[in-house]
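Residues 13 to 148, numbered by the numbering used here, are exactly what the sequence shown covers, in order.
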Amino acid sequence: MNVIVDTPIWSRAYRRRVAVNSPVVTELIELIGEGRVILIGPVRQELLSGIRHELQFHKLRSAMRAFEDLGLETEDYETAAAFSNSCMARGIQGSHVDFLICAVAARRRCEIFTDDGDFARFARVLPVQLHQPRAA
Numbered sequence: 013m014n015v016i017v018d019t020p021i022w023s024r025a026y027r028r029r030v031a032v033n034s035p036v037v038t039e040l041i042e043l044i045g046e047g048r049v050i051l052i053g054p055v056r057q058e059l060l061s062g063i064r065h066e067l068q069f070h071k072l073r074s075a076m077r078a079f080e081d082l083g084l085e086t087e088d089y090e091t092a093a094a095f096s097n098s099c100m101a102r103g104i105q106g107s108h109v110d111f112l113i114c115a116v117a118a119r120r121r122c123e124i125f126t127d128d129g130d131f132a133r134f135a136r137v138l139p140v141q142l143h144q145p146r147a148a
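Below is the structure:
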C-alpha cells in the first residue's frame, strides 16, 4: 500500500538534525526504497516554507525534486472541505492541508505517515488509515 508522507516526517529526515537510528527516519528510508512514498504539492510547500537561509532552501528543494507531486483533482479539494466540516461538527479542528491529505489518502486508498497527533483524531471520524513504522 502506498503512503502519503506528512510534513513533520519529511522535516525530521531533511530539516532537523536527527539520530541516524530514528525509527521514523528509518521507516521513511524503507518506504522510499520500496517506491511507496507519495508526496503532494501542499506538503512540499509546507516543508520548503520558513527556511531562513537561501542555500539551505536550495539544498532541500533539490533533494525533494527526487519526488514527483501526485496530481490533485477537484474531488480532492471538495472531499477535504467535507472532511473538515465533518470533523468540525464533532469539535475536531485541523488545517486545510491536513484535510487535503486525508481526502487524497481516502480516495487513493493510501496510508498516512505522520507523527502529528491530530491525524489520530481525524482517523476516528474519517475513512483514513495511519501508517505505523515497522521498527516501532
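Beta carbons are placed, not taken as given, at the ideal position from N, Cα and C, and that holds for glycine.
- Here V49 really is in contact with V15; their C-beta atoms are around 6 angstroms apart, less than 8 angstroms.
- In this structure, D81 lies away from V116, with their beta-carbon atoms at least 7 angstroms apart.
- Rounded to whole angstroms, the gap between the alpha carbons of Y26 and H143 is 20 angstroms.
- The residue among L72, L67, E66 and R119 with its C-alpha nearest the C-alpha of W22 is L72.
- Less than 7 angstroms separates the beta-carbon of P145 from that of E39.
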